[in-house]
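Using numbering that gives the first Met the number 0, the letters of the sequence shown map in sequence onto residues 0 to 157.
A virtual CB, placed ideally from N, CA and C, is assigned to each residue, including glycine.
These numbers come from a predicted model, not from an experiment.
Remarks on the structure that follows.
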Amino acid sequence: MSTLFAFLHHLAAFTLVSALAIEFVLIGQIQTKDATTGEGLSVPVAKRLVITDAVLGAAATILLVVGLLRVVFFEKGSDYYFHSHAFMAKFSIFIAVALLSIIPTREFLSWRKALKAGQAPSARPEKLRLIKKLLHGEMLAIVIILLCAAIMARGGWV
Ligand code: HEM
0 MSTLFAFLHH
10 LAAFTLVSAL
20 AIEFVLIGQI
30 QTKDATTGEG
40 LSVPVAKRLV
50 ITDAVLGAAA
60 TILLVVGLLR
70 VVFFEKGSDY
80 YFHSHAFMAK
90 FSIFIAVALL
100 SIIPTREFLS
110 WRKALKAGQA
120 PSARPEKLRL
130 IKKLLHGEML
140 AIVIILLCAA
150 IMARGGWV
């Protein structure tokens with residue numbers, strides 16, 4: 000069982016990182032030509048972003064559920080993890096990133112109405128720039144999470 004959950008944990012983590020990278024590339028493809036309307040956001044790119052963000056959300060949810068199950072049932076026990084600074088850092092960063100990612104998710108979800116009507120949604124350039132910065136931050140956070148994961152698994156930084 001522990002092997003299955005370790006596998007699921009890694010699968011969800013790799014999916015999450017891939018979706019994040021795809022979002023980053025897609026956001027970079029949007030040319031904000033018009034300062035007020037955000038013209039340049041095409042239907043295919045907007046659609047891909049909405050789908051990729053849904054995959055990212057699903058992967059993050061699975062990661063959280065599977066991660067918590069590993070903490071409580073399958074690895075070193077919750078007492079060990081909740082007394083590990085490395086785990087607490089990893090967990091706190093994960094929650095902070097999840098909360099921050101609400102901003103891009105809300106924006107992408109707001110595009111669905113226009114996309115259903117076959118139109119390119121309009122997004123404000125400042126919003127797109129903010130989302131780009133957030134995605135950058137999320138990628139940096141993943142690097143720190145990976146470092147914390149390696150440390151906590153080996154009993155370091157307690
Ligand atoms: C982006 C999010 C995450 C990434 C990239 C990630 C990545 C990893 C990696 C690579 C390992 C293997 C470490 C090693 O054996 O060297 C690991 C282990 C683990 N992770 Fe995560 N993880 C994430 C989120 C979470 C969350 C949210 C939880 C719990 C709430 C969690 C709980 C665990 C546990 C319990 C282990 C086993 C550690 C051990 O062997 O003692 N992870 N994680």
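By the Cβ test, the segment 10-21 is in contact with the segment 57-69, since at least three Cβ pairs between them sit closer than 8 Å. Here DSSP, grouped into helix, strand and coil, assigns Gly66 to helix. Annotation for Val24: the continuous alpha helix (DSSP H) segment containing it runs 1-28. Ile101 and His82 have their alpha carbons spaced roughly 29 Å apart. Ligand 1 has no heavy atom closer than 8 Å to the beta-carbon of Val54. Nearest Cα to Val42 within the set Lys115, Lys132, Leu133: Lys115.
Sequence-distant partners of Ala18 (beyond 5 residues in either direction) whose C-beta falls short of 8 Å from its own C-beta, in its chain, are Thr51, Asp52, Val54, Leu55, Ala58. The closest heavy atom of ligand 1 lies less than 8 Å from the beta carbon of Ala149.
For Ile92, same chain residues with a beta-carbon under 7 Å away, outside a window of 5 residues either side, are Ala140, Ile143, Ile144 in chain order.
By the neighbour-count criterion, in which 16 or more other beta carbons inside 10 Å mark a residue as buried, Lys89 falls on the buried side.
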